[in-house]
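Peer 1: Got a structure here, written out as structure tokens. Questions coming.
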Amino acid sequence: MIRIALAMARIGGLVVVFVAVLGGMALLTATGVIVDSGFRSQLPLRLVQAEVMVSARQSIPVKEDLPVALPERAPVPGSLVGVVREVPGVAAAVGDLSFPAAVVSGTSPPVPGGPATAGHGWSSLSLSGRLTAGRVPRGQDEISLRDGRLGERLRVVAGGRPATYRVTALVDAPGLYFSDAAAATLAGRTSGGRAGTVDLVAVRAAAGVSPDELARTLRQRLGDRYEIATGRYRSDAESPGAVAGRGLLLVLPGSIGGVSLMIVGFVVGGGLSLSINRQRRELALLRAAGATPRQVRRVVAVQGLAAAAPALAPGAALGYFLAARLGDLLVGIGALRADQPLVYGPLPAIAAALLLLGVVRVASWAASLRVSRMPVVSGVADLGEPSPFRTNAGLLLILASLVLSGAPLAVRTEAAAIGPATAAPLAVIGLALAGPRLVQRAAGALARSRFVARLSGPCWLAVHNTHGHALRTAGAVAALGMVVTLGLSVTLTQTTLAEARSAQAAPAMRGLVTITAPSLSGIPRGLLEEVRELTPAAGMVTTTVVTGPLAFADNPRLTARPVLGLGPDAEGLVDLDLVDGALSRLTGAAVALDEQVGRVGERLDVIMGDGARVEATVVATYRRGLAFGPIVVSRDLAAAHTTTGLDSAIMARPAALAPLLARWPAVEVTGATQGPQAGVASGQALVNLAVLAVLLAYLLVAVANRLVATTTARRDELDVLRRLGATPRQLRRMIRWEAVLIAAGASGAGIVLAAVPLVMLGIGFLSRPVPAGPLWLVPGSVLVVGLVVWLAVELPARRIR
Amino acid sequence: MRPVVTLDRVTKRYGDLVALDEVTLAVPQGRFVAVMGPSGSGKSTLLHCAAALDRPTSGTVKMGGTDVGRLSETKRTVLRRKHAGFVFQSYNLLPAISVQDNITLPLRLAGVRPDREWLDELVHRVGLRDRLHHKPAALSGGQQQRAAIVRALAARPDVVFADEPTGALDLRSAGQVLDLLRELVDELGQTVVMVTHDPAAATRAHETLVMADGRVIDVLDAPAPEELAVRLTRLAGGEPVR
Chain A
1 MIRIALAMAR IGGLVVVFVA VLGGMALLTA TGVIVDSGFR SQLPLRLVQA
51 EVMVSARQSI PVKEDLPVAL PERAPVPGSL VGVVREVPGV AAAVGDLSFP
101 AAVVSGTSPP VPGGPATAGH GWSSLSLSGR LTAGRVPRGQ DEISLRDGRL
151 GERLRVVAGG RPATYRVTAL VDAPGLYFSD AAAATLAGRT SGGRAGTVDL
201 VAVRAAAGVS PDELARTLRQ RLGDRYEIAT GRYRSDAESP GAVAGRGLLL
251 VLPGSIGGVS LMIVGFVVGG GLSLSINRQR RELALLRAAG ATPRQVRRVV
301 AVQGLAAAAP ALAPGAALGY FLAARLGDLL VGIGALRADQ PLVYGPLPAI
351 AAALLLLGVV RVASWAASLR VSRMPVVSGV ADLGEPSPFR TNAGLLLILA
401 SLVLSGAPLA VRTEAAAIGP ATAAPLAVIG LALAGPRLVQ RAAGALARSR
451 FVARLSGPCW LAVHNTHGHA LRTAGAVAAL GMVVTLGLSV TLTQTTLAEA
501 RSAQAAPAMR GLVTITAPSL SGIPRGLLEE VRELTPAAGM VTTTVVTGPL
551 AFADNPRLTA RPVLGLGPDA EGLVDLDLVD GALSRLTGAA VALDEQVGRV
601 GERLDVIMGD GARVEATVVA TYRRGLAFGP IVVSRDLAAA HTTTGLDSAI
651 MARPAALAPL LARWPAVEVT GATQGPQAGV ASGQALVNLA VLAVLLAYLL
701 VAVANRLVAT TTARRDELDV LRRLGATPRQ LRRMIRWEAV LIAAGASGAG
751 IVLAAVPLVM LGIGFLSRPV PAGPLWLVPG SVLVVGLVVW LAVELPARRI
801 R
Chain B
1 MRPVVTLDRV TKRYGDLVAL DEVTLAVPQG RFVAVMGPSG SGKSTLLHCA
51 AALDRPTSGT VKMGGTDVGR LSETKRTVLR RKHAGFVFQS YNLLPAISVQ
101 DNITLPLRLA GVRPDREWLD ELVHRVGLRD RLHHKPAALS GGQQQRAAIV
151 RALAARPDVV FADEPTGALD LRSAGQVLDL LRELVDELGQ TVVMVTHDPA
201 AATRAHETLV MADGRVIDVL DAPAPEELAV RLTRLAGGEP VR
């Protein structure tokens, strides 16, 4: 059977399958690497000599879902160090501290983990490295580091406090090491809510005690209040921010992963059905020779798998390459840290291979169902009619997509954009299903029109071929329509949301400048007070909080959201367009909410970024929820629960700030027009667009490949036409006209399907029936479709002589 | 009688294979000529060359007084459109368009207005009046071949070339098609050149050319079926004929 199947295979059709699987493999493997990294990507371990680490729990378990990671450091009591030290099997236990620290005089190499956690107490060095020269820093103004000169005086901002330090020691570990006393002060552990705490307890096991054994003992002694990490999990304990950050990697491809799987399935299925159609006659003969429908389906399946198998390995290689490029992009937009590499395991390739072979198996079964059941006697010259079930299912999906697109009319939170975003993929599946019948109807109407009846031979034939071979034409029309719909709707949805966001952010921040210090991981202490002496200014903290569902269509379980912390000083500066309450009351356990989410005076349970549970009072409600998110917390509350405890930015009225800022190193001033939500969203949008571009390129190559194969396979048909008196020129013209019809049909269908959700989105978010630009994408996509069809058809057409 | 197609010492080679060997022939107007011979005897090549579907390696083919050999593919196509009609074993109707559109297709390609009366008469004659708006797949083999004959005649060509027109048909349909061809010759003065395997088909022709090894070895005037059968059996036996 296998031998027969392979002998029957037509190379042309199977090349299409091969290319489809190759590209699909690359896409799925690349997505898989990102997802895999979302679970496993880690920063390099700092406390390399600690076999076990005891830290607070940095995640909240969620029923039937992944736990929500907490990005801000939750400290543990300093007394825990003593308790751990007494546990049998522990050779040494150190209370480790990390705090923001950066050398601002001259240049220093970047520290793994960034400046936010570059400062440590001297005792941590016993587990992270060695003293290589000099003596232990003892005074408040002494420091040690890896790349420096003994005795050198350095300007350092540590814990938000600028000061001059003398280098007393050189070490072989990254980061800046201070005396333990200085570290405790700089990390804010000598007073306030975090007094007497440490970040984690790093443990070295006694000789002959295995880390796992020790971890077990510790777990028995300490209970499950603490996270006890060994092996590669130590890195997670060291940097909770990195754990939460990589969670973003899971979200990024998730938003487009479904679409890519759908496209891969569509392309592979299309390739297979092309291959099947080219050997209809042989398959019919096989049936006539006594093969059962099941055997015919097996022949088709074997051919499909034979074409898919050789594409797996090169596809996977291409996928890893693509993932690396995607990783660069993620680093470029700040979604992934440069020192947090992607994980290139074998798992994504294996999973992608299994998935694709499954897709090929299912697609070949579906594509061969009708051919295999064809009555033995008939069917050879049959063109195939689209089944009514298929058509109706497609029309239903298109209808459903229209209903979904209406969501922004009802709700105006960001979640409403999910409606139109889901509508587009649904619509294109609908188009693929209903396509043949739609093409048949449209071309039929065209063919019957008086206008076409008067056209010249080639043009007339082109219209009639499109009508008569609707199944053949519809494949290309649907695939190209998919390119147009997805390209337009995904891109313009993003730009429309971005425009809606900045339309709210711009008036909210009108007439303000932003002061930031990215290389210090936060605004140094004292700067805000000095700015305030010159001009009205407000500090702003960005952090993450975890809440239950707030608005319609939110995740019903817990969701981590980036939020802004504002204080009373924001009143009169940052305009949230308040409905009720006042920003001046944003102190202590207080929050402001989007007016659609709650009312002043209500209580809201909030889990802060370090896991602290707070019952906050709603003190204000506002309208600009797209720019500021559904929730704004008080700055006090936010700052008390961040790793650094520093402001992220200062918003101020413009004034002669230059002389002041010259005294503060590494501080930058920018005009503020972007809302705080814009950064995260635009990063995500960029990745979505990049993935989309790759996807659409894949789809275009696949369609072009298919068109070439279809046109080449028409040799018999063209020979007949020539014998009936068609000149080569007429045949070329006919084929070109068919190309024009395909391109026009695809562009038209694609634009219509994209337009409905986009118009709704425009009405909902911009109060006008037009989405945000760039609207040249519309003619642009038509041009791309036209170009691809032209190239794919012109090549074989030129060979007609 | 004026010859519609003439072949003068036409040779066609495919590499080393000589498919036609210096064949000289004239097909007079109003004649029904059958071409027979065993497989590989060159009868299809003869048809292709005579119909200007293919170019001879040497010698001249004239159709409507024009030397075909010197024309480009496009010019030959235009010439064929004007002077020749074709009927094929596999009907070669386009499945995507209706029977009527199939019939007028060559006219459309030539940019010529169809002669309604002429077409009506032809359609009536072959009995396809009520099948015109169907797709070819809805017609029986005999009906499809009759549609193909109407198509071949639509442009009032000087000559109709038929390549095994009954090869795919049952006995009854084949008889109908052959009767039709003979009728066209007798009643409308049409010229038909038909390649066939079937001695019964050849008996409907005015004359039968018998081919072997790329040459016309015999011309039989209205042969009786038995006589033809005997000749062909001897050829099939591989007996050399000089």
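Protein sequence lines, in the order shown, are assigned to chains A and B.
Just so you know, the UniProt record's numbering puts 565 at position 565 of the first sequence, and the rest follows in order with no gaps.
Just so you know, the UniProt record's numbering puts 144 at position 144 of the second sequence, and the rest follows in order with no gaps.
All residues carry an ideal CB built from backbone N, CA and C; glycine is no exception.
Given the structure is predicted, the values throughout are model-derived calculations rather than measurements.
(1) In whole angstroms, give me the CA-to-CA distance for B/Arg125 and B/Ala148.
(2) Kindly identify the DSSP beta-bridge partner or partners of B/Phe161.
(3) Report buried or exposed for A/Val380, applying the criterion of at least 16 other Cβ atoms within 10 angstroms of its Cβ.
(4) Alpha carbon to alpha carbon, how far is A/Ala317 from B/Asn102? Give it in angstroms, no decimals.
(5) Just to make sure I have the definition right: I need the residues of chain B whose C-beta is within less than 9 Å of the C-beta of A/Pro728. Which are they?
(6) Provide the residue(s) that pair with A/Gly121 in DSSP beta bridges, ordered along the chain.
(7) Any C-beta of chain A sitting closer than 8 Å to the C-beta of residue 243 of chain B?
(8) For A/Gly319, which residues from the same chain have a beta carbon less than 8 Å from its beta carbon, with the 5 sequence-adjacent residues on both sides left out?
(9) Contact defined as beta carbons within less than 8 Å: I believe A/Phe99 pairs with A/Gly139. What is the distance between those atoms, to the nearest angstrom?
(10) Going straight from the alpha carbon of B/Pro157 to that of B/Lys82, what length do you get?
(11) Are at least three pairs of beta-carbons, each pair with one atom in the segment 64 to 79 of chain A and one in the segment 199 to 214 of chain A, less than 8 Å apart?
(12) May I have the straight-line CA-CA distance separating residue 870 of chain A from A/Met608, to the nearest angstrom?
(13) What are the start and end residues of the alpha helix (DSSP H) that includes A/Phe99?
(14) Could you give the first and the last residue of the continuous alpha helix (DSSP H) run that contains A/Pro61?
(15) In the DSSP assignment, find the beta strand (DSSP E) that holds residue 281 of chain B and state where it starts and stops.
(16) How would you call A/Ala792, buried or exposed, if buried means at least 16 neighbouring beta carbons within 10 angstroms?
(17) Using the beta-carbon count (16 or more within 10 Å), is B/Ala205 buried or exposed?
(18) Please confirm if B/Asp158 has its CB atom under 8 Å from at least one CB of chain A.
(19) Between which two residues does the beta strand (DSSP E) carrying B/Leu220 extend?
(20) Could you check which residue in B/Glu117, B/Ala19 and B/Thr45 has the C-alpha nearest to that of B/Thr196?
(21) By the criterion of Cβ-Cβ separation under 7 Å, what are the contact partners of B/Ile97 in chain A?
(22) Counting only runs of 4+ residues fully inside the UniProt domain "ABC3 transporter permease C-terminal" (256 to 375) of chain A, write out the alpha helix (DSSP H) ranges in chain order.
(23) For the segment 625 to 641 of chain A and the segment 570 to 590 of chain A, state whether three or more C-beta atom pairs, one from each stretch, are separated by less than 8 Å.
(24) Strictly below 7 Å CB to CB, what residues from chain B border A/Trp460?
(25) Is there at least one Cβ from chain B nearer than 8 Å to A/Ala381's Cβ?
(26) What are the start and end residues of the alpha helix (DSSP H) that includes A/Tyr233?
(27) Can a CB atom of chain A be found closer than 8 Å to the CB of B/Asp170?
(28) At a CB-CB cut-off below 8 Å, which residues of chain B make contact with A/Arg723?
(29) Here's the rule I'm using: 16 or more other beta-carbon atoms within 10 Å means buried, otherwise exposed. How should A/Phe39 be labelled?
(30) Output the distance between the C-alpha atoms of A/Gln494 and A/Glu227, rounded to the nearest integer angstrom.
(31) Could one say the Cβ of B/Leu119 lies closer than 8 Å to chain A's Cβ atoms, at least one of them?
(32) For A/Leu305 and A/Ala311, I'd like the C-alpha separation in whole angstroms.
(33) Taking the C-alpha atoms as reference points, what is the distance between A/Ala56 and A/Ala93?
(34) State yes or no: is the C-beta of A/Arg130 within less than 8 Å of the C-beta of A/Asp172?
(35) Kindly indicate if chain C contains any beta-carbon less than 8 Å away from that of A/Gly457.
(36) Nearer than 7 Å: is that true of the beta carbon of B/Arg234 relative to any heavy atom of the ligand ZN?
Peer 2: So, from the listed chains and residues:
(1) By 1-based counting over the second sequence, the position of residue 125 of chain B is 125. By 1-based counting over the second sequence, the position of residue 148 of chain B is 148. Their Cα atoms are separated by approximately 13 Å.
(2) As a working mapping, residue 161 of chain B is identified with position 161 in the second sequence. Paired residue(s): B/Phe86 and B/Val193.
(3) The residue you call residue 380 of chain A lines up with position 380 of the first sequence. Bear in mind that a pLDDT of 43 at A/Val380, under 50, signals an unreliable position, so the model cannot answer this.
(4) By one-based count along the second sequence, residue 102 of chain B stands at place 102. By one-based count along the first sequence, residue 317 of chain A stands at place 317. Rounded to whole angstroms, B/Asn102 to A/Ala317 spans 51 Å at the Cα level.
(5) Position 728 of the first sequence, counted from the first residue, corresponds to residue 728 of chain A. Here the neighbours are Glu73, Thr74 and Thr77.
(6) The residue given as residue 121 of chain A occupies position 121 in the first sequence. In the DSSP output, where bridge partners are listed per residue, A/Gly121 has A/Phe178.
(7) Residue 243 of chain B lies beyond the range of chain B shown here (1 to 242); nothing can be said about it.
(8) As a position in the first sequence, residue 319 of chain A is number 319, starting the count at 1. Result list for A/Gly319: Met25, Ala26, Leu27, Leu28, Thr29, Ala30, Gly32, Val33, Pro348, Ala349 and Ala352, in chain order.
(9) For this step, residue 99 of chain A is matched to residue 99 along the first sequence. For this step, residue 139 of chain A is matched to residue 139 along the first sequence. The Cβ separation is near 18 Å, so there is no contact.
(10) Stepping through the second sequence from its first residue, residue 157 of chain B is reached at position 157. Stepping through the second sequence from its first residue, residue 82 of chain B is reached at position 82. B/Pro157 and B/Lys82: Cα-Cα distance of roughly 6 Å.
(11) yes
(12) Beyond the ends of chain A as shown, which are 1 and 801, falls residue 870 of chain A; an answer cannot be given.
(13) For the purposes of this step, residue 99 of chain A is taken as residue 99 along the first sequence, with counting starting at 1. Counting along the chain, A/Phe99 falls outside any alpha helix (DSSP H), and DSSP gives it neither H nor E.
(14) Locating residue 61 of chain A in the first sequence gives position 61, counting from the first residue. That residue, A/Pro61, is in no alpha helix (DSSP H); it is neither H nor E in DSSP.
(15) Not covered by the structure: residue 281 of chain B. The range shown for chain B is 1 to 242.
(16) Here residue 792 of chain A is taken as the residue at index 792 of the first sequence, counted from 1. Counting Cβ neighbours within 10 Å, A/Ala792 comes out buried, since at least 16 surround it.
(17) Sequence index remark: in the second sequence, residue 205 of chain B carries index 205 (1-based). So B/Ala205 counts as buried.
(18) Position 158 of the second sequence, counting from 1, holds the residue named residue 158 of chain B. So, not an interface residue.
(19) Counting from 1 along the second sequence, the entry for residue 220 of chain B is found at position 220. Arg215 to Asp221 is the extent of the beta strand (DSSP E) around B/Leu220.
(20) Numbered from 1 along the second sequence, position 196 holds the residue referred to as residue 196 of chain B. Considering only alpha carbons, the answer is B/Thr45.
(21) In the second sequence, counting from the first residue as 1, residue 97 of chain B sits at position 97. Within 7 Å Cβ-Cβ: His464 and Gly468.
(22) 280 to 288, 293 to 333 and 347 to 373
(23) yes
(24) The residue given as residue 460 of chain A occupies position 460 in the first sequence. Here the neighbours are Arg108.
(25) The residue labelled residue 381 of chain A in the question sits at position 381 within the first sequence. Any answer about A/Ala381 is weak, because its pLDDT of 44 lies below 50 and its placement is not dependable; what the coordinates show is given next. Answer yes: the Cβ-Cβ gap between A/Ala381 and chain B drops below 8 Å somewhere.
(26) Taking the first residue of the first sequence as position 1, residue 233 of chain A is located at position 233. Element bounds for A/Tyr233: Tyr233 to Glu238.
(27) Taking the first residue of the second sequence as position 1, residue 170 of chain B is located at position 170. For B/Asp170, the answer is no, since every Cβ of chain A falls outside 8 Å of its Cβ.
(28) Position 723 of the first sequence, counted from the first residue, corresponds to residue 723 of chain A. Those within 8 Å of A/Arg723 in chain B are Leu53, Phe86, Phe88 and Asn92.
(29) Position 39 of the first sequence, counted from the first residue, corresponds to residue 39 of chain A. A/Phe39 comes out exposed.
(30) Numbered from 1 along the first sequence, position 494 holds the residue referred to as residue 494 of chain A. Numbered from 1 along the first sequence, position 227 holds the residue referred to as residue 227 of chain A. Approximately 39 Å, taken between the alpha carbons.
(31) Along the second sequence, read from residue 1 onward, the residue named residue 119 of chain B stands at position 119. With 8 Å as the cut-off, B/Leu119 does not count as an interface residue toward chain A.
(32) For the purposes of this step, residue 305 of chain A is taken as residue 305 along the first sequence, with counting starting at 1. For the purposes of this step, residue 311 of chain A is taken as residue 311 along the first sequence, with counting starting at 1. Those two C-alpha atoms are separated by around 10 Å.
(33) One-based indexing of the first sequence puts residue 56 of chain A at position 56. One-based indexing of the first sequence puts residue 93 of chain A at position 93. Going by the C-alpha atoms only, they are around 16 Å apart.
(34) Mapped onto the first sequence, residue 130 of chain A falls at position 130. Mapped onto the first sequence, residue 172 of chain A falls at position 172. In this structure, A/Asp172 lies closer than 8 Å to A/Arg130 by Cβ.
(35) This model lacks chain C altogether, as its protein chains are A and B.
(36) Of ligands this structure carries none, so the ligand ZN is not represented either.
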